[in-house]
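Novice: Residue numbers (the working numbering): 1034 to 1133. Below you'll find the structure I mean.
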Amino acid sequence: EQPERPSVKGIPVRGGPQMLQLSLDGKRLYVTNSLFSAWDKQFYPENVEKGSMMLLVHVNTDSGGMSLDQNFLVDFGQEGNVLAHEMRFPTGDCTSDIWE
């Protein structure tokens, strides 16, 4: 049985997690849901139609666990059918620089 599809700010999350960037303190995990447009067309056509998203997952580094932030949503569909893939922290660690 499939789990219920999560929503953020009343908008159902489209696709699945693709690109991840963990904050330097390890407490915030930013997630986009587009990989490559050719794959998105095949596996996540709703992303191609409505655009991708960026979400925030809070990581509890003290007692464990993760939770989806219900107040953070970047819906790239508001720009059209934009497919956001990578994210980079300007002052991030080396994992932010591997795509330059």
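Even glycine gets a Cβ: it sits at the ideal position worked out from N, Cα and C. Since the structure is predicted, the reported quantities are computational estimates derived from the model, not experimental observations.
Does S1100 come out as helix, strand or coil in the three-state DSSP assignment?
Specialist: strand
Novice: Give the DSSP bridge partners of P1078, in chain order.
Specialist: Partner(s): none; P1078 has no beta bridge.
Novice: By how many angstroms is the C-alpha of S1085 removed from the C-alpha of F1105?
Specialist: 14 Å
Novice: Would you check if the stretch 1066-1078 and the stretch 1094-1103 touch, i.e. whether three or more CB-CB distances between them fall below 8 Å?
Specialist: no
Novice: My output table needs one value for N1070: the three-state DSSP class, helix, strand or coil.
Specialist: Checking the sequence shown, residue 1070 turns out to be Ser, not Asn. Of the three classes helix, strand and coil, the one that applies to S1070 here is helix, per DSSP.
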